[in-house]
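Enquirer: Heads up, the sequence shown is in the numbering used here, so the first residue is 7 and it goes up one at a time.
Note that CB positions come from ideal geometry on N, CA and C, so glycine has one too.
The following block contains the structure, expressed as structure tokens.
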Amino acid sequence: CIQSFIRTCAAVNYSPPALSALIANHLNLEAPISEEENPLAEAKNRIDLAWSLAILDQADANHLNTVLNQNVFQLIQS
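In structure tokens form, the structure reads like this:
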């Protein structure tokens, strides 16, 4: 639900006052991508979220590092 809210905010370029706290408290992109479910879909989801955060000027180095790394590139290429 939070991920959808963040994507929606980015789509309409709206940053509510509580967005920073919501991201800090409820969004975790650092967990390893699970091999049990669809890892490519999870990587796409994380890339979409990182892009949404960038649009909202809420992305930090940790958010970007979770999608701009060799593991994600290899997953997408395979």
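Could you spell out where the alpha helix (DSSP H) holding Cys7 opens and where it closes?
Expert: Segment: none, Cys7 is in no alpha helix (DSSP H) and carries neither H nor E.
Enquirer: Given a cut-off of 9 Å on the beta-carbon distance, is the pair Ile12 and Leu81 in contact?
Expert: Cβ atoms of Ile12 and Leu81: not closer than 9 Å.
Enquirer: Determine contact between the region 8-23 and the region 50-65, defined as no fewer than three beta-carbon pairs at a distance below 8 Å.
Expert: yes
Enquirer: Could you have a look at Asp63 and say whether DSSP puts it in helix, strand or coil?
Expert: Looking at Asp63 - three-state DSSP - the assignment turns out to be coil, as it is neither helix nor strand.
Enquirer: Tell me whether the beta-carbon of Leu55 lies closer than 9 Å to the beta-carbon of Gln9.
Expert: yes
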